[in-house]
Structures are given as structure tokens and as C-alpha cells.
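Each protein sequence line maps, in turn, to chains A and B.
Heads up: the first sequence begins at 613 in our numbering, then just goes up one per residue.
Heads up: the second sequence begins at 2 in our numbering, then just goes up one per residue.
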Amino acid sequence: MQQKKLLNLLTSLLLIIAFQANAQHEEEHEIIQHNNAQEVAHDNGHGETLSLKEQIKADINHHLLDAHDFHVTDYLTFPLPIILWDNGLHVFSSSKFHHGESVAESNGNYYAISHGNGHIYKTDSSGVIHHNEKGYESNEKPLDLSITKNVVMIIVTSLILFLLFGGLARSYAKNGGIGKGPGRFLEPIILYIRDEIAIPNIGEKHYKKYMNYLLTIFFFIWFVNLFGLTPLGVNITGNIAVTFSLAILTYFITTFTAKKDYWKHIFWMPGVPAPMKIILAPIELLGTFIKPFALMIRLYANMKAGHVVLMSIIGLMFLFKSWIGSSLSFGLAFGLMILELLVAALQAYIFTVLSALYFGSAAEEHEH
Amino acid sequence: MDKLLNEFSFGLFIWQTLLFIALIFLLRKYAWGPILNAVNEREEGIKNALAEADKARQEIQDINADNERILNEARAERDTMLKEARDMKTNLIDEAKDEAKTQANKLMEQAKAAIQSEKLSAIADIKSQVANLSIDIAEKVVKDELSDKNKQLKLVEQLLGEVKLN
């Protein structure tokens, strides 16, 4: 609750500053455009020039999306492999797209990257992507199994988790039951998840079989959230596909490990009159889908919003062009960054607790 | 919602799901399993060590209590022994006293009896001697008296006169 209040305060503060920045910017706009056209204007690949403000907006949007190459700075970008299934396998390097600015040809097919959502669409040789009346891309879309920036970071995070906790696990055997190394630092968190999340929510009897999932999901989300705050600029948990995948795993585990009592409580709630049972059944059934859906949206929206706000404030530093305003937004960005560090852990915690809660309801056995 | 669907990348979903499931299984085998086992073992170890320490403390307490008890018993035994000895002493003294008393009594009785019999025999002896002496004296007196005829006649007269008076 407190955190929400703080966030509200920060956003309203941001809004005020943004208005001031706007006014200031309008005044300076003309002068800057004349004096330093290079800095303000930027070619976006469409041959149009964008103002600094629009460029920041485009950068934020670009950052929020997944990408087909690993962009660190404008001078340091790693191409990643593109894997497409379009009546046959197409594998080529993303350098063919020239950072999404040109059309790539593979086995006689032409593909282009949309600037709207960063996805690859099938095009003609000119690389034109058509949009429907709602503004969404209407071209044919191949099945894109590319190793994107997010996939790379998922692999990197998995490797780090594996090395960190694998090392911790090995150190127990070597060190007579006492952990050693960097993983030791995280051991209290493992114990916390077991003693404060798994056992109270699931129960002493059944918690063991869910521990692997709960531990993995907590550390995965937490680490990925933390990577999102580094200048690498990845936004993995702020991507709906990732949170959907995590939520659907929770849903499947809940559903497939559910005991008789769980289904009984959904379809024929004991202890209520029969007409109520009929009304409750569809609500309860819908609830089983809404719970993981809420998990998905909560994580996605929190992380995405955090990134948007943080990047907007960082962007403000460049818009202000005054040492008071810029240092103010630097301070704000710094404060918000610390808050985001908390949010990174908090969201991982919430996802884990709620998953444990759902598993608990599935594994529960009532004595009626 | 449309925007979300438009942004949804099926490829990323597939990768995330595959990699995450693989990560769960890998970590289960190489990390969580061994870690949770080791932690459990350690906790069991701590619990056992605590229980053992408790037990040892209990044992020491028991030993102390035993020592105390044995000491008390020894003390009690000593006391009873002392008491017995004291009792025995008084008994012995009492018995000796009684014995001595009865012995003394007996001796006294015997002495008394001896004295009595001696006295009786002495009296008897004295009696016989007195009788002999009396007879002798009487003989002498009679002899002497009978030698003087006048005196006898005077005496007879005196005796007769006395009878008259009575």
C-alpha cells in the first residue's frame, strides 16, 4: 500500500516536471534546432527526422520491446541468429536487417522488422509493412523462433542461476554440510522461501514437490528483474509472452497436481445450498483462470511501468538542458532506481507467494 | 488487449517455456535437491546435537542427584550406625548394671542366708552352752545350798509365806 502511495507521489511529481520541461523545451526548441541540429534531430530509418523528445519516446518504446540484435550502445551491437519457420527453416544473422532498417532476404523470401512491435513480418522485396485500420501490422507473420535479446538474457540468467546454485550445492558436500561461495549469500532466501512461503501456504505434507518450481521462479524473476535495471536495457519480465509463460506454468502445475477436494470445491462447493452451488461453480471455474491471468498481468504491468517511468525520468535529463532540472531528474531517477530494486524483489516474491497459495489450494485435503 | 496481443511474441513464449522448464529440471537435479537435502541434514544435525546436549545435561543432573542421594544415604547410614552403637553401649551398660545388681542381690541373699544360719547355729550353740552353764551353776548352787539345812528350811517357809500372800 505504502509503495503504491510512494509511486503515486513520484508519478505526480514527474508529471509536474514534465509540464515544466515541455514549456522550457518549446522555448528553446527553435534555437536548438538551428544551433545543434545534429543533436536534436535523428534519422529513424524512415528518412524522417525526429525531435529529441520524439526520439526519447521511440527509444523507450524500443527498449520495452524485445529485439533481434543485442544493442548495447549505438557503436556496440551484437547481431543475433534469426530462426524462422515459413514453409521451411530460414536461419540467418540479424545483421541482415541492419538494425531493422533494411529488408532481409532468405531463400527467396523477404522479411522486415516492424518498428511498432519489433516482430518480423513477411514482405515483398521493398520491405513495406502494411497496417490495418487499427494501426496494427497486417502482413503475413512467419513463426519466429529467433534467439532474440530476451532469449539471450534468459539463457544468461539461467546459466548464472545454474552456476550459482549448482556451486552452492556442490560446496555443501565438500564443506561438511556448510555452504561456501557466493551462493551462500542466497541460502537464507532459499530457507525463507521454504519456511515462510512454501510451508505456511502449502503445508508440511505436500510442500516438497513444489519447492523446485517455487525456488526457480523466485530466483529467475528476481534476477531477470535485476538485469532489467542494468544498462544492458533488457525488459524480460515486462514482456507479456514471458509472464504468460510463467503464469501458465503455475496454472498447469496447480491443475495437474490438484486433489479431489480442489475440484469438489470448484464444481460442488460443500456447505452451501444447492442453487448456490450451481451459481458458484462457473464463478469458481472462472477464478482458476483469472488467478494466473492476474499473475501474468501483475508482473508484466509492474515491470513495464517501472521501466517506462525510470526511462522517462532519465530522458528528462536530456530534455531539461539546465543544471537544476537535469540534476533534479537525476536525483529522481536515482531514487526511483532504488525503489525499482525493491520492486524487482517484491514482484518475484508476490509471484512466488501467490503461486504457492494456488498450489496450496490444489494440494489441500479437507476433512468434511 | 489488442496491443498486448499485437506485442505477444510466440517465439519468445516458446523459448521462455522451454528454457524455464529445462532450468527447473536442471536446478532440481544439481541445485535445489542437494541444497535442500544438505540444509535438512544440517537442521537435523543441529536438532540432534541440541537433543544430545540436553540429554548430556540431564545425565549430569542425574549423576549429581545420584551422588547427592548416595551421600545422603551414607550420611543416614553413618547416623544409624552411630545411633546403634550408642544404643548398644547404653544397652550393654544397662545390662551390665542389671547383671551386677542381680549378682549383688544374689550375693547379699546368700550372705544373709549364711548369716541367718550362722546366727541360728550360734544361738543354738549359745543355748546349749547356756544350758550347760546353767546346769553347772545350778549344780554348784544346789550343792552349796543343800549344805546348809537351816537356810533351806527358811526358804521353804518364805516360799510358802509368799504363796499365802498370793
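A virtual CB, placed ideally from N, CA and C, is assigned to each residue, including glycine.
Neighbour flag for residue i against chain A, beta carbons, 7 Å
i, result
"Ile25 of chain B", "yes"
"Leu28 of chain B", "yes"
"Ile71 of chain B", "no"
"Leu19 of chain B", "no"
"Ala39 of chain B", "yes"
"Glu42 of chain B", "yes"
"Ala7 of chain B", "First, the amino acid is wrong: residue 7 of chain B is Asn here, not Ala. At least one chain A Cβ lies under 7 Å of Asn7 of chain B."
"Ile36 of chain B", "yes"
Below-7 Å beta-carbon distance, residue i vs any chain B residue
i, result
"Asp586 of chain A", "With chain A represented from 613 up to 980, any question about residue 586 of chain A goes unanswered, as that position is not in the structure."
"Val965 of chain A", "no"
"Ile852 of chain A", "yes"
"Asp678 of chain A", "yes"
"Thr855 of chain A", "no"
"Asn729 of chain A", "yes"
"Tyr819 of chain A", "no"
"Asp756 of chain A", "yes"
"Phe682 of chain A", "no"
"His646 of chain A", "Bear in mind that a pLDDT of 38 at His646 of chain A, under 50, signals an unreliable position, so the number given afterwards is only what the model happens to contain. So, not an interface residue."
Range covered by the beta strand (DSSP E) that runs through residue i
i, result
"Ala77 of chain B", "Here Ala77 of chain B belongs to no beta strand (DSSP E); instead the alpha helix (DSSP H) covers 34-147."
"Tyr733 of chain A", "732-735"
"His702 of chain A", "701-705"
"Thr689 of chain A", "688-691"
Neighbour-count burial assignment, residue i, 16 or more Cβ in a 10 Å radius
i, result
"Trp1002 of chain A", "Nothing about residue 1002 of chain A can be read from this structure; chain A reaches only from 613 to 980."
"Asp553 of chain A", "As displayed, chain A neither begins before 613 nor continues past 980, which places residue 553 of chain A out of reach and without an answer."
"Met908 of chain A", "buried"
"Pro904 of chain A", "buried"
"Lys761 of chain A", "buried"
"Gln117 of chain B", "exposed"
"Leu922 of chain A", "buried"
"Thr769 of chain A", "buried"
Simplified DSSP assignment, three categories, for residue i
i, result
"Ile741 of chain A", "coil"
"Ala870 of chain A", "coil"
"Thr760 of chain A", "coil"
"Glu713 of chain A", "coil"
"Ser726 of chain A", "coil"
"Asp671 of chain A", "helix"
"Val846 of chain A", "coil"
"Trp697 of chain A", "strand"
"Phe682 of chain A", "strand"
"Ser934 of chain A", "coil"
"Asn851 of chain A", "coil"
"Ser10 of chain B", "coil"
"Leu677 of chain A", "coil"
"Ser718 of chain A", "strand"
Residue i: first and last residue of the uninterrupted alpha helix (DSSP H) it sits in
i, result
"Tyr748 of chain A", "Premise fails: Tyr748 of chain A is in no alpha helix (DSSP H) and is neither H nor E."
"Pro882 of chain A", "Element bounds for Pro882 of chain A: n/a, residue is neither H nor E."
"Pro812 of chain A", "811-814"
"Pro800 of chain A", "799-804"
"Asn824 of chain A", "820-840"
Short CB-CB distance (under 7 Å) between residue i and chain C
i, result
"Ile895 of chain A", "Looking for chain C here will not work: the only protein chains present are A and B."
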